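All residue numbers for the first sequence refer to the working numbering, where the first residue is 346 and numbers rise by one.
Contents: one structure, followed by commentary.
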Amino acid sequence: MDILADLNPSQREAVQAIEGPLLILAGPGSGKTRVITHRIAYLIREVQVSPYHIVAVTFTNKAAREMRERLERLLGGRTQGLTVGTFHATCARFLRRDIEHLGRDRSFVIYDADDQEALIKQVLKDLQLNDKQYRPGALLGRISRAKSEMVGPAEFVKHTESYWEEVCSRVYERYQKLLLDRNALDFDDLLLTPVQLYQQHPDVLARTQDRIVHLLVDEFQDTNLVQYELVKLWGDQLRNIFVVGDEDQGIYSWRNADIANIQRRFRQDYPERREIILTRNYRSTRTILDAAQSVIARNPDRTDKQLVTEKVAGPAITLYEAYDESEESDYVALEIARLYREGALNWGDMAVMYRTNAQSRAIEDALVRRGIPYKLVGGTRFYQRREVKDVLAYLRLAHNPADAGALERVINVPRRGIGQRTQDELVRWARRLDVSTYEALKKLRAAPGEDVPISGRAARPLLDFARLVDELVEAAGRLTVPELLDLVLERTAYSEYIRDGTEEGEGRWENVQELRTVTAEYVTRSPDEGLSAFLEEVALVSDVDSLEEQPQAVTLLTLHTAKGLEFPAVFIVGMEEGLLPHSRSIEAPAQLAEERRLCYVGMTRAKDHLYLLHAFRRTLYGNSRVNDASRFLKDVPTQLIAGRQVRGERPLSRPASSESRGAWRAPATTPVRATPAWQEPAAPAPATPRGITFKAGDKVRHSKFGEGTVINSEVTRDDEQVTVAFVGAGVKKLLVSYAPLEKIPA
DNA sequence: TCAACTGCTCTTTTT
DNA sequence: GAGCAGTTGA
346 MDILADLNPS QREAVQAIEG PLLILAGPGS GKTRVITHRI AYLIREVQVS
396 PYHIVAVTFT NKAAREMRER LERLLGGRTQ GLTVGTFHAT CARFLRRDIE
446 HLGRDRSFVI YDADDQEALI KQVLKDLQLN DKQYRPGALL GRISRAKSEM
496 VGPAEFVKHT ESYWEEVCSR VYERYQKLLL DRNALDFDDL LLTPVQLYQQ
546 HPDVLARTQD RIVHLLVDEF QDTNLVQYEL VKLWGDQLRN IFVVGDEDQG
596 IYSWRNADIA NIQRRFRQDY PERREIILTR NYRSTRTILD AAQSVIARNP
646 DRTDKQLVTE KVAGPAITLY EAYDESEESD YVALEIARLY REGALNWGDM
696 AVMYRTNAQS RAIEDALVRR GIPYKLVGGT RFYQRREVKD VLAYLRLAHN
746 PADAGALERV INVPRRGIGQ RTQDELVRWA RRLDVSTYEA LKKLRAAPGE
796 DVPISGRAAR PLLDFARLVD ELVEAAGRLT VPELLDLVLE RTAYSEYIRD
846 GTEEGEGRWE NVQELRTVTA EYVTRSPDEG LSAFLEEVAL VSDVDSLEEQ
896 PQAVTLLTLH TAKGLEFPAV FIVGMEEGLL PHSRSIEAPA QLAEERRLCY
946 VGMTRAKDHL YLLHAFRRTL YGNSRVNDAS RFLKDVPTQL IAGRQVRGER
996 PLSRPASSES RGAWRAPATT PVRATPAWQE PAAPAPATPR GITFKAGDKV
1046 RHSKFGEGTV INSEVTRDDE QVTVAFVGAG VKKLLVSYAP LEKIPA
């Protein structure tokens, strides 16, 4: 099989250029994953590079897994020794190895968001700060940014720009000290620690560099400064650095990704680099591509890539203005049903995308009502679920009873009568003795009553808990992970605790069962690895592969999670000012540019059908607001748009143009020029005399009340009032300008 | 210690 | 509108 066979010239060039730094600017749908995997295969098969000398970095575990699978297929068994993983997983691996090499015995635990928050609250308590005024999330965000920029506490304190930052620097310092005390690294430390290690031990860096002959990085636009530094250090010896990305798809600045890495830094630091632009798009129709291009083109400071495609122009983009979110959802559901019936599309070929998760609810309602199967991407991930984390915390304790984060989490879960007061007392006492909380527990047992601030009654459950931990620690030495998990469940009576008779309780129990399945699979997959490796793997993974995922279902997801995916039909809902772009991003130009990229990412997910929707009125967070159409819609050339539908109930404050008013046009499949109502008409719209749009006998549909028949219609002062007999909801009187009412053509 | 209540906040999400 | 964290009262 020829690795280069199906590649276009640019892709081929990217695969074959084997030496020196390479910057690949890859547009959406340009087959960049393919380029990376084929390049790795090419290096191994044609250039005879040992897999051991290749390190490929991705951003998600999913991407890493997909890359490994593709390589397995491409190379058969010749992937032994190849490193393909996320930055974090790669760093964790290197760190363990390097620490061992240095002869240091310092195992570490990885702190996730929950552990971090608990720790920062501890810090606030210690420093006697009010967690209302100094919100843990905000502090953690600032600390994370500092770490991403490789600014330590000592450096941070020198550059504080406000009182808040000053407080933050104190929090940072103490937080970092506590992490060290607990032998814990948070996710940012996982990246930062290797960099610091290399600075202190050049020999360790040299060893690492010897190993890395080829370094490949995917989604380079998502790297932060530490990651950039790692790339530089890792690949510095031979400078065979291959980075692939698209500045137009950089949508993660809020988690400290710095798009300047791909835009500027790489070019500055590697003047000898080669640049290849992949402009051929294999995904979208000409129409969709043109529309997306005209949206992204308005961003400043970007390298324009004229995307080309061989696909046909395809159907025009459908723009739809709904009255409110429920009508918007109804339209989407109806259209999905229609595409399913007439468009030869299966449920799985369609996706609905939105800016915020809160928007999914209305869509779900509409889909449920019509019996359309759907799956929601996102929400609470498996390893973030309370019950899963609880059980994992017990496993962590069994592995390392000094794991303070785990101990705090489950000391009273399930309830065993150890209240907050007792816990505080225990922690304080442990601090005074300068031992871990677990050590303190053991002391309590050895010398009850003696100089101990905890009374006999409160001490009993503590002693029971200590005994439990001891038993688990002992068992961890001889049991497999699933056996240990069973022991945890049995000893804590977790099933009784979690299954409270409700449906949610059963669901939680199922998750625990699922976790047991994960451990069982782990044991079969890696029989030589123990509890420690399992816990690390789990800490670096956010989700579990669902086995019985229903294959044919409409996908509901945020624009962020849509990156990297594609669907024949895409609906983007809520294209309104304040939502997309989001109100929090409208002020700052840089953030606004990112919103635009987000819109671009969403649009370019579509292969054939693209629907852009906005609602005139939207209820969000409990209050209803009138929103203008998104400014991004204005950038889509009107000749690419069809199927506008503007109905009579537009409010009086925003009179509809005569052309669109009352005109009910079915979505067309050929481009149609129309003056969208969200664009001001060239000439002021003539005052349209209001007439009667409904008459007795008309069949109508209302987004809430369903279908009905008009009984009567009369003109009021400046509106029209219709009386409708609804099939399910009875007789209602409605004002045409406000009611989400549409006429069903006979 | 726990259940009921109150008030606050509500962008995006991976590791 | 709803979910969550923190507070209050028993």
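For each residue, glycine too, the CB sits at the ideal point set by N, CA and C.
A quick note: this is a predicted structure, and the numbers were derived from the prediction, not measured.
- Counted as a single uninterrupted DSSP element, the beta strand (DSSP E) harbouring Arg619 occupies residues 619-623.
- As a beta-bridge residue in DSSP terms, Glu666 pairs with His959.
- Our two residues, Arg963 and Ala738, have alpha carbons roughly 42 Å apart in a direct line.
- Beta-bridge analysis with DSSP links Leu368 to Val588, Glu620.
- Residues Leu535, Leu536, Pro539 of the same chain have their beta carbon placed closer than 6 Å to that of Cys436, with the five preceding and five following residues left out of the count.
- Between Leu349 and the set Leu885, Met948, Val380, the nearest pair of CA atoms involves Val380.
- Within the model, the alpha-carbon separation for Pro660 versus Glu753 is close to 58 Å.
- Per DSSP, reduced to three states, the secondary structure at Asn968 is strand.
- With a contact defined as Cβ atoms closer than 8 Å, Leu834 and Leu817 miss out at about 12 Å.
- When the Cα atoms are used, Glu709 and Gly421 turn out to be separated by approximately 43 Å.
- Within the region 861-899, the complete alpha helix (DSSP H) segments of 4 residues or longer fall at 876-884, listed in chain order.
- Ala987 sits in a strand when the DSSP states are folded into three classes.
- Using a C-beta cut-off of 8 Å, the region 578-592 makes no contact with the region 405-424, since fewer than three inter-stretch Cβ pairs fall below that distance.
- Cβ-Cβ distances below 8 Å link Ser975 to Met920, Glu921, Glu922, Leu924, Leu925, Pro926, Cys944, His959 in the same chain, with the five nearest sequence neighbours on each side left out; the list follows chain order.
- The continuous beta strand (DSSP E) containing Asp531 extends over residues 529-531.
- Under DSSP, Met412 shares a beta bridge with no residue.
- For His1047, the uninterrupted beta strand (DSSP E) run begins and ends at 1044-1047, by DSSP.
- It is roughly 48 Å from the alpha-carbon of Asp735 to the alpha-carbon of Ala642.
- Residue nearest to Ala987 within the set Ser969, Ile662, Glu1087, Arg609 is Ile662 (criterion: CA-CA distance).
- Gln393 and Val429 have their C-alpha atoms spaced approximately 18 Å apart.
- Taken in chain order, the whole alpha helix (DSSP H) runs of length 4 or more contained in the region 721-793 are 731-744, 749-755, 765-778, 782-791.
- Between the region 478-495 and the region 509-524, the count of C-beta pairs closer than 8 Å reaches three or more; the two stretches touch.
- Taking all protein chains shown into account, Arg950 has 16 or more neighbouring C-beta atoms within 10 Å of its C-beta and is therefore buried.
- Here Ile917 is buried, its C-beta having at least 16 other C-beta atoms within 10 Å.
- Here Val697 is bridged, per DSSP, to Leu901, Phe916.
- In the DSSP assignment, His559 falls outside any alpha helix (DSSP H) and lies within the beta strand (DSSP E) extending over 559-562.
- A contact between stretches requires three or more CB pairs, one per stretch, nearer than 8 Å, and the region 711-728 meets this requirement with the region 878-889.
- Your pair Arg625 and Ser375 checks out as a contact, with CB atoms roughly 6 Å apart and the cut at 8 Å.
- Within the same chain, Phe565, Gln566, Gly590, Glu592 come within 6 Å of Ile607 by CB-CB distance, once the 5 residues on both sides are set aside.
- One Cα belongs to Gln544, the other to Leu530, and the distance between them is close to 18 Å.
- Looking at Glu494, Ser493, Lys492, Gln467, the one whose alpha-carbon comes closest to that of Pro481 is Gln467.
- The region 441-501 contains, as complete alpha helix (DSSP H) runs of 4+ residues, the segments 458-471, 481-493, 498-501 (chain order).
- Rounded to whole angstroms, the separation of the alpha carbons of Gly693 and Gln897 is 5 Å.
- Where Glu1087 is concerned, the enclosing beta strand (DSSP E) starts and stops at 1086-1088.
- A straight line joining the alpha-carbon of Thr648 with that of Phe977 spans about 20 Å.
- 9 Å or more divides the Cβ of Gln936 from the Cβ of Ser493.
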